[in-house]
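**Student:** To start, I am sharing the structure in question, which I have written as structure tokens.
2 protein chains.
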Amino acid sequence: MGRVRIVDVARRAGVSSATVSRVLANKPYVRPELRQRVLAAAQELGYRPSRVARTLRTQRARIIGLLISDIENPFFTSLVRAVEDVAYAHDYAVFLCNTDENPEKEQLYLDLMVAERVTGVLISPTREQGVDCQGLQQAQIPLVAVDRRLRDRRVDTVVVDNVGGARRLVEHLLDDGYREIGAILPPPTITSGRERYQGLWEALHHRGLEPRSAWIRTGPPVQAEGYRLAREILGRHPRPQALFVGNNLLTMGALRAIRDLGLSIPGDVALVAFDDMDWMALVNPGLTVMAQPTYELGRAAAELLLRRLEDPDRPVEEVLLTPELRIRQSCAPHLGAGRPRGEVRASGQG
Amino acid sequence: MGRVRIVDVARRAGVSSATVSRVLANKPYVRPELRQRVLAAAQELGYRPSRVARTLRTQRARIIGLLISDIENPFFTSLVRAVEDVAYAHDYAVFLCNTDENPEKEQLYLDLMVAERVTGVLISPTREQGVDCQGLQQAQIPLVAVDRRLRDRRVDTVVVDNVGGARRLVEHLLDDGYREIGAILPPPTITSGRERYQGLWEALHHRGLEPRSAWIRTGPPVQAEGYRLAREILGRHPRPQALFVGNNLLTMGALRAIRDLGLSIPGDVALVAFDDMDWMALVNPGLTVMAQPTYELGRAAAELLLRRLEDPDRPVEEVLLTPELRIRQSCAPHLGAGRPRGEVRASGQG
DNA sequence: ACTGGAGCTGAAATCGATTTCAGTCGATTT
DNA sequence: AAATCGACTGAAATCGATTTCAGCTCCAGT
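For the record, the sequence lines run as chains H and R.
With my numbering applied, the first sequence covers 1 to 350.
With my numbering applied, the second sequence covers 1001 to 1350.
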């Protein structure tokens, strides 16, 4: 029961509530004997301090704000679960906000975080810059960016190696003989989008190829956009032999488009994608993907925040996690070497 | 900013904080003129009352506890999102707890709800009975069951028509000519599992058939169990021509098993399942499913709770939502009518 | 022996709201 | 003219913790 108040413990231990508070907060200046008595009394009564009263007095709630785009996206679901696990273990509550990729909603919630005086904030920002963190700074509320970076390099950050991951994925396409490669990516205003494009570029360039802009499209990471862009790219003549999709929702949209266009994978078009989800092993063919360690991402971010809270002056840290290539069947060795590859760029139209 | 306190508003309006409180709570006994002044002052200062202080004084936090089995299950994700939307709109926060289908964890969290003095609790119980709600009752914290029922009929409940849905789904199999039907279901200790079995039974019985117990297995609604049970059923001789799977995670497991066994759908075995998920339309063949209105489920539950809070004496209500049959390709007309159907039961071995 | 300081303790202030209670004012009743 | 009542208002108590501040004891240093 939560009925027991601090004065009840104090009475039972024969001390004042001040002493009880000191003992429970592990503060010095309490005789060991009293400390024992208080601890015993608290134990016996099953005392649990009221967070509400504590928060009112200290002006700081044990709450971690978590701003993500959408909890219905399994990528974030797993991340959220990790944050909650860590938070609960340290007696923090989590205040979850869905920004829906909408900067205004994001700002609204950020202001709310200040008003609610949360202890710290984890954010997967809708864009790299323009996010107003003045309020947080003034209120001395630490911020950790997760999954996507912020322009401001003074914030702790946890991200995956998007450049390397994308590069590896595209290299896998190249190794299988594909040269005419299209891509659907999140926009460059989101760091993960830009970095994945960078990885694509590096992979191609390393083999003396150039990205074909007519086959490369970017858009908000939502399913509808993936569908639209895939239809656009695959409706062109000529169309690419392979597609690199840079986000799980875009992938789902692209798959729908490919189905509706009556194309087969990997025969008509090969596919590699960023992010793995349970079902991607079950579709036919299974998708070759770069799996992100989503749970780890959330865990690392939450732990980074807690460390920052413990020591506000520690140097800014950036954690870089490595994604994992999972090879399935959506990309098989391609036999088309008869055609002169040197013309790929020359025949470009965009 | 949240810097403005009630006394600031009071000072600005030239009244006491008591009057401000009365105005903002819409209580009587305030001169209309003062009311206006207070409202104006509050508006100008952008006053937002501190929930912390309010909670301490009223001994009631504006928090809705939400106990589900696992936020990583998309079924619940959507439900959670609905609850949060409704809650936020009414200035409630949501306290989310993952029970992981573990009754002990569930009980722990229920006790925590009491300790935290939440306003109300939404629960998708791990089992029908044995859930100890004494604490909640004593603390007068209302409870709403969602997705699954509780034995105690005095609690408000929001569920889908599991019997009807399962029956409709199995009838669809029967209409396509299948007679030898296996099933993988959640256990009868969970009401949805029992009800879906009931639906199966009704559908069969209505056509003069009996369920074949050798082909019917139940287990905790997790993927691994779906895999295990599907292998078990499909490894038998003879094996059923069709499978009815009663839960999304079980379905995912079953699909893996079918793949690993090298069976094709619907050629070797047809499949219908409860619950729809985005990817079920994308696998090949697309799955014929009974889609549950998950968002609606959450919304209805949250709203029911709010209504109960407004009027604690209103009669207990049960909301029954209707699932929707989505026909895809995992179950096609079956041609095997040459075989005498009357022997189906006679040839049973379990 | 006196001073200073460290160790320890509890009374009381504090956080920001709600709510009780006592009281004022003006109109109506007796 | 006094009593009564209803409408209205604000001072102060209250929720349960933390923290300040003042005071006490005891011991070391001069």
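No residue lacks a Cβ here, since even glycine has one placed at the ideal position from N, Cα and C.
(1) Does any residue of chain H have a CB that is nearer than 8 angstroms to the CB of R:D1100?
(2) Taking H:V252 as the query, report the chain R residues whose CB atoms sit under 8 angstroms from its CB, ordered along the chain.
(3) Answer with yes or no whether the minimum CB distance from H:A87 to chain R is below 8 angstroms.
(4) Quick check: is the beta carbon of H:R228 nearer than 8 angstroms to any beta carbon in chain R?
(5) Nearest by alpha-carbon distance to R:S1213: which of R:L1229, R:E1225, R:Q1223 and R:H1206 is it?
(6) In chain order, what residues of the same chain lie with their CB nearer than 8 angstroms to the CB of H:L304, ignoring the 5 residues before and after it?
(7) Under 8 angstroms between the Cβ atoms of H:L66 and H:L96?
(8) Quick check on the burial criterion: 16 or more other C-beta atoms within 10 angstroms. Buried or exposed for R:P1315?
(9) Quick one: does R:R1328 have its CB under 8 angstroms from some CB of chain H?
(10) Quick check on DSSP: helix, strand or coil for H:G219?
(11) Mind checking which residues open and close the beta strand (DSSP E) that includes R:R1326?
(12) My assumption, with CB atoms under 8 angstroms, is that R:R1012 sits in contact with R:A1061. Please give the rounded CB distance.
(13) Looking at C-alpha atoms only, which residue of R:V1038, R:A1089, R:T1077 and R:R1005 is the closest neighbour of R:S1124?
(14) Under 7 angstroms Cβ-Cβ, which residues of chain H neighbour R:I1071?
(15) With a CB to CB cut of under 6 angstroms and the five nearest residues on each side skipped, what residues in its chain are close to H:P293?
(16) So if I threshold CB-CB distances at 8 angstroms, which residues from the stretch 40–59 of chain H count as touching chain R?
(17) What does R:A1061 touch in chain H if you count any residue whose Cβ is under 8 angstroms from its own?
(18) Under a Cβ-count criterion, where at least 16 other Cβ atoms within 10 Å of its own Cβ denotes burial, should H:G267 be classed as buried or exposed?
(19) Give the DSSP-derived three-state secondary structure of R:D1100 in the structure shown.
(20) Pair every Cβ in the stretch 1169–1177 of chain R with every Cβ in the stretch 1192–1211 of chain R, then say whether three or more of these pairs are closer than 8 angstroms.
(21) Which whole-angstrom value is the C-beta distance of R:L1287 and H:V283, which I expect to be below 8 angstroms?
(22) List the residues of chain R whose Cβ lies closer than 7 angstroms to the Cβ of H:P221, in chain order.
(23) Put H:M290 into one of helix, strand or coil per three-state DSSP.
(24) Hey, how far is the Cα of H:I233 from the Cα of H:A291?
(25) Does any residue of chain R have a CB that is nearer than 8 angstroms to the CB of H:L255?
(26) Give me the Cα-Cα distance between H:I87 and H:G298, rounded to the nearest whole angstrom.
(27) For H:V15, which residues in the same chain have their Cβ closer than 8 angstroms to its Cβ, ignoring the five residues on either side in sequence?
(28) Who are the Cβ neighbours of R:N1102 in its own chain at under 8 angstroms, not counting the five residues just before and after it?
**Tutor:** Result, derived from the coordinates:
(1) no
(2) In the sequence as displayed, the identity of residue 252 of chain H is Met instead of Val. Near H:M252 (Cβ distances below 8 angstroms), the residues of chain R are D1278, W1279 and L1282.
(3) no
(4) no
(5) R:L1229
(6) V144, D156, V158, E317 and V319
(7) yes
(8) exposed
(9) no
(10) coil
(11) E1324 to R1326
(12) Contact flag wrong, Cβ pair sits at about 28 angstroms.
(13) R:T1077
(14) T77, V80 and R81
(15) L321
(16) R48, S50, R51, V52, A53, T55 and L56
(17) V52
(18) exposed
(19) coil
(20) yes
(21) 11 angstroms between Cβ atoms; not a contact.
(22) Per Cβ cutoff of 7 angstroms: no residues; H:P221 is ~15 angstroms from chain R at best.
(23) strand
(24) 24 angstroms
(25) yes
(26) The sequence given here has Ala at residue 87 of chain H, not Ile. About 11 angstroms.
(27) L34, R37 and V38
(28) T1126
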